[in-house]
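In this note's numbering, the protein residues as written are 2 to 306.
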């Protein structure tokens, strides 16, 4: 080396401690009217967010919902219903009775086929708001036996501002018997509160939907919006707005199958859809032959055959 006989100075390596955050790549208010909006559908945004294939934001008077809603079928999916305001009553001979409010959940794995729609009735509050989510089941569960759970808030786990509705977060696991590879959280942030969600490895799907308030910072959003985050392994960094924020947040390993769609069904295989819809038709004949099954509370139990 010219100018001296010494050795080159050793390079120093610096490791950044700043977490990489995910960008918001899409936002929507869905479509609907009043207090009911379709934010994700299987033939639309659900193709990009699968296994999250359907999401409705709904609000109103529960007694009116109960009166207007009818029994209807599903197969091939898991449904997750949470409430961000108010509560509802459940009454099912297989699951007992109680109330589902903020932090509680109704889970149903439709699997091989089920009829439901009136298992919930008015609770202690007149008005409610909530979200119903559909999860596309993996091929090995798309025709599994029906499985239902009604879990009150006191029996669910909370980590910081997040109730762990499905999956594992912060070292605790939800009691919901959902497939692996999916997290679904119900979160409330105070005004200005900072919160980082670090998805598990491989959870490249990430989104959230606001029920109340707003978010500020890089993921700025207002009530009613659904945000989709970039598909990487970064942190989802959030901050409550001036009124705070209540929202649901999902992350997952991408669903590896094409979606096979029926009217009320979503399956991982074409053969599964054919079988699920055949089972639904057979269950309909059995169900309607039973006549009125309404219980004193006003609910009608899920019909599993």
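Just so it is clear, CB atoms sit at the ideal spot from N, CA and C, and this is done for glycine as well.
Can you tell which of the options has the C-alpha that lies nearest to the C-alpha of residue i?
{"i": "residue 132", "options": "228, 257, 86, 269", "result": "86"}
{"i": "residue 280", "options": "256, 126, 111", "result": "111"}
{"i": "residue 188", "options": "164, 134, 204", "result": "164"}
{"i": "residue 79", "options": "181, 248, 195", "result": "181"}
{"i": "residue 141", "options": "193, 22, 258", "result": "258"}
{"i": "residue 30", "options": "166, 197, 225, 148", "result": "225"}
{"i": "residue 185", "options": "158, 166, 45, 172", "result": "166"}
{"i": "residue 148", "options": "265, 84, 116, 58", "result": "116"}
{"i": "residue 118", "options": "69, 271, 216", "result": "69"}
State the start and end residues of the unbroken alpha helix (DSSP H) segment that holds residue i.
{"i": "residue 272", "result": "271-290"}
{"i": "residue 63", "result": "63-69"}
{"i": "residue 49", "result": "47-50"}
Can you tell me the Cβ-Cβ gap for residue i and residue j, rounded? I've got them flagged as a contact below 8 Å.
{"i": "residue 179", "j": "residue 136", "result": "7 Å"}
{"i": "residue 190", "j": "residue 146", "result": "Not quite, the Cβ-Cβ distance comes to about 38 Å (not below 8 Å), so this is no contact."}
{"i": "residue 220", "j": "residue 211", "result": "Rounded, the Cβ-Cβ distance is 10 Å, inconsistent with contact."}
{"i": "residue 240", "j": "residue 218", "result": "4 Å"}
{"i": "residue 39", "j": "residue 57", "result": "6 Å"}
Counting C-beta neighbours from all protein chains within 10 Å, is the total for residue i 16 or more, i.e. buried, or is it exposed?
{"i": "residue 283", "result": "exposed"}
{"i": "residue 289", "result": "exposed"}
{"i": "residue 17", "result": "Because the pLDDT of residue 17 is 40, which lies under 50, any placement of that residue in the model is unreliable, and the question is left without a value."}
{"i": "residue 34", "result": "exposed"}
In the DSSP assignment, the beta strand (DSSP E) including residue i goes from what residue to what residue?
{"i": "residue 215", "result": "206-217"}
{"i": "residue 98", "result": "97-101"}
{"i": "residue 144", "result": "Residue 144 -> no beta strand (DSSP E), and no H or E assigned at all."}
{"i": "residue 133", "result": "128-137"}
{"i": "residue 244", "result": "237-253"}
{"i": "residue 72", "result": "Careful: residue 72 lies outside any beta strand (DSSP E) and carries neither H nor E."}
- prompt: Quick one: any contact between the segment 56-75 and the segment 240-247, if contact means 3 or more CB pairs under 8 Å?
  reply: no
- request: Could you tell me whether the segment 121-129 touches the segment 60-67, where touching means 3 or more Cβ pairs closer than 8 Å?
  value: yes
query: Does the segment 149-159 touch the segment 101-111, meaning 3 or more C-beta pairs lie closer than 8 Å?
result: Touching, yes.
query: Can you find at least 3 beta carbon pairs, one from the segment 200-216 and one from the segment 259-269, that sit closer than 8 Å?
result: no
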